[in-house]
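Asks:
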Amino acid sequence: MLNKIRLWKNQNNSSTLRDKIEKIKELPVPDHVAIIMDGNGRWAKKRALPRIAGHHEGMKVVRKTTMLANDLGIKNLTLYAFSTENWKRPKNEVEYIMKLPEEFLGTFLPELIENNVQVKMIGYKDQLPLHTLKAIEKAIEQTKNNNGLILNFALNYGSRAEIIDAVKKVLNDYQRGILKEEDLDEERFSSYLMTSSLPDPDLLIRTSGEIRLSNFMLWQLAYSEFWFTDVLWPDFDEEHFLKAIEAFQKRQRRFGGL
Ligand code: FPP
């Protein structure tokens, strides 16, 4: 398993890193990690580069994070790549981000398949450009029988809209007699959300120093542990990811109990 890890740093660091990974795997790792990948624009600005250069660098971190999550035995990784509000950005930036799934999957799909990763997506597919949707659907189709890590892209995703849509479906099923009022509980309601096939995240990571949820998985994050870092997404490396997992392993989760 370990030799599969694509280590991101030089050889000198790699044995320390391997030790760390092995140590972390002695304790339970989160089943579902969700990440708000923030700070691409600032990373680029600091280097006097166009914002899209930050997104491109961020895409490389998606690959590395996916591989490490897989090696750690994390079962689900949800990455917030584009929100329903991100359409407000300049046209060239939106167009560029919409090309990233094609570039990412065009390059790394064979590697994802080789590593038994299953690709999924949450978000509003019908507003995505056709080329973006096609790339994602091809990856979903080609990885549907894989049973390793689920790599779930949140693309054109917005949690409030998701909840309203779920309520509409609930009302519809109620009117048609498919759902009775007494049968509607939290678990049943969750089944109407886009994340119905996934467990709730155990750990939420947000990079870049912003301490907010930005309309991400508002229902699903009710009992998740949060870990924030000032590190900008393109600088987020394996040390940071392992630090987040270690912090999670030290938390005491009580889910409202004692
Ligand atoms: C937030 O940073 C980042 C985004 C809105 C885009 C995230 C996209 C990627 C990391 C690449 C996705 C890759 C695939 C394969 C889909 P920001 O632009 O808001 O940064 P800023 O707050 O510094 O301006």
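Mapping the sequence shown onto the working numbering, position 157 (from 1) lands on 149, and the numbers just tick up by one.
Glycine is no exception: its CB is placed at the ideal position from the N, C-alpha and C atoms.
Fair warning: this is a prediction, and the values are worked out from it, not measured in the lab.
Between A158 and L185, how many whole angstroms is the CB-CB distance? I'm expecting something under 8 Å.
Replies: The pair is a contact, with the Cβ atoms about 5 Å apart (cut-off 8 Å).
Asks: Heavy atom of the ligand FPP less than 7 Å from the Cβ of I27, yes or no?
Replies: no
Asks: If you drop the 5 nearest sequence neighbours on each side, which residues of the same chain put their C-beta closer than 6 Å to that of K67?
Replies: D23
Asks: Looking at C-alpha atoms only, which residue of L143, F74, D165, K83 is the closest neighbour of K117?
Replies: F74
Asks: If we ignore side chains and look at the alpha-carbon of each, how far apart do A239 and A36 end up?
Replies: 29 Å
Asks: Excluding the 5 residues flanking E18 on each side, which residues of the same chain have their C-beta closer than 7 Å to its C-beta?
Replies: none
Asks: Please list the terminal residues of the continuous alpha helix (DSSP H) segment that includes I28.
Replies: Here I28 belongs to no alpha helix (DSSP H); instead the beta strand (DSSP E) covers 24 to 28.
Asks: Near K161, what residues of its chain come up, given a Cβ to Cβ distance below 7 Å and the 5 sequence neighbours on each side ignored?
Replies: Taken in chain order, the residues that qualify are Y184.
Asks: Going by C-alpha distance, which of F96, S151, N62, A236 is nearest E77?
Replies: With distances taken between Cα atoms, E77 lies closest to S151.
Asks: Taking only heavy atoms of the ligand FPP into account, decide whether any of them is closer than 7 Å to the Cβ of P102.
Replies: no
Asks: When the Cβ atoms of the region 48 to 55 are set against those of the region 209 to 228, are three or more pairs found closer than 8 Å?
Replies: Under the 8 Å Cβ criterion, the region 48 to 55 counts as touching the region 209 to 228, having at least three qualifying pairs.
Asks: Check whether the Cβ of V86 lies closer than 7 Å to any heavy atom of the ligand FPP, and answer yes or no.
Replies: Between the ligand FPP and V86, a heavy atom-to-CB distance of less than 7 Å is absent.
Asks: What's the C-alpha gap between V111 and Q212?
Replies: 19 Å
Asks: May I have the straight-line CA-CA distance separating T58 from G169, to the nearest angstrom?
Replies: 42 Å
Asks: Buried or exposed: where does M(-7) fall if 16 or more other Cβ atoms within 10 Å of its Cβ makes it buried?
Replies: In this predicted model, M(-7) has a pLDDT of only 43, less than 50, meaning its place in the structure is not dependable; the value taken from the coordinates is given anyway. Residue burial annotation: M(-7) is exposed, with fewer than 16 other C-beta atoms found within 10 angstroms of its C-beta.
Asks: To the nearest angstrom, report how far apart R34 and I28 are at their CA atoms.
Replies: 15 Å
Asks: Checking the sheet assignment: what are the DSSP bridge partners for S75?
Replies: Residue pairing from DSSP places S75 in a beta bridge opposite Y149.
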